[in-house]
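Numbering (this note's numbering), first residue to last: 1 to 262.
Take a look at the structure:
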């Protein structure tokens, strides 16, 4: 039996068992593990994980006493620390002395989830194709800048273009286009057998405040719930229009995230 205080690299079965305890909060961790991406460190008691941390471009902690990950997480020099608010609080308390000051700290980000299909939105929502790339790329970049505060096409145009195209090719991008304008678009940031996490919900600025976002979310959730039990996402607490959309289709609160952006 491994010591509770000894960090180690867990195997896939251990990660999946840990994530199954809360498939919404841990959807990103499970998705990354299933795709064999990134590095994981864990603590266990009696062979059962009590805490897990993914270290990559993002650091994502989960579980109990996550401050124990401070040294290994700091070595990664991540662009973001994100995850369950309590886990991030624990980690940052011990990690703060090892890291530069974050340029943004976002506590209390509500996590929303839905498991019952909402009413239809009657949109033209469809999966994006390669032909949509030129239309989607600037919209995805604008959504990223609105959310993170950095223009990805200025910082890493090749990398961001590759990621946008990959989302399309992997069937993780959807949009509703009318007259050359995007009335609604979104991507999946994580996808497991238990849940899909949606990100970068976006409506072209001239098309906003017309009810398109709510209609698009209705149809996207209906589509995704045909293949997974739950659709989830998280949102900045000050984004009242987005929260109104999610609560308007009867998504329910499922905890809170905290993000530290460097």
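All C-beta atoms, glycine included, are put in the ideal place defined by N, C-alpha and C.
Positions of the beta strand (DSSP E) runs, each at least 3 residues long and wholly inside the stretch 131-182, are given as 173-178 in order along the chain. Your pair residue 224 and residue 125 does not check out as a contact, with CB atoms roughly 11 Å apart and the cut at 8 Å. Among the bridge pairs identified by DSSP, residue 252 is matched with 113. The continuous alpha helix (DSSP H) containing residue 71 extends over residues 70-75. Following the DSSP letters along the chain, one finds residue 30 inside the alpha helix (DSSP H) bounded by residues 27-34. In the three-state reduction of the DSSP assignment, residue 190 falls in the strand class. Of the candidates 227, 108, 166, 221, 221 places its Cα closest to the Cα of residue 120. Excluding residues up to 5 positions away in sequence, 40, 41, 42, 59, 60, 61, 62, 66, 69, 72, 73, 91 lie with their Cβ nearer than 8 Å to the Cβ of residue 53 in the same chain. Contact check for residue 57 against residue 80 passes: the beta carbons are separated by less than 9 Å.
Here residue 17 carries a helix assignment [DSSP, helix/strand/coil]. A check of alpha carbon separations from residue 129 across 243, 103, 137 identifies 137 as the nearest. A Cβ-Cβ separation of about 6 Å places residue 232 in contact with residue 112 under the 8 Å criterion. For residue 84, the uninterrupted beta strand (DSSP E) segment begins and ends at 80-84. Looking at 133, 33, 262, the one whose alpha-carbon comes closest to that of residue 190 is 33. Residue 140 holds the alpha-carbon nearest to the alpha-carbon of residue 165 among 151, 140, 88, 25.
C-alpha of residue 26 to C-alpha of residue 9: approximately 17 Å in a straight line. Distance from the Cα of residue 12 is smallest, within the candidate group 6, 24, 48, for 48. Secondary structure of residue 107 (DSSP, three-state): strand. Comparing alpha-carbon positions, the option among 235, 215, 230 lying closest to residue 194 turns out to be 230.
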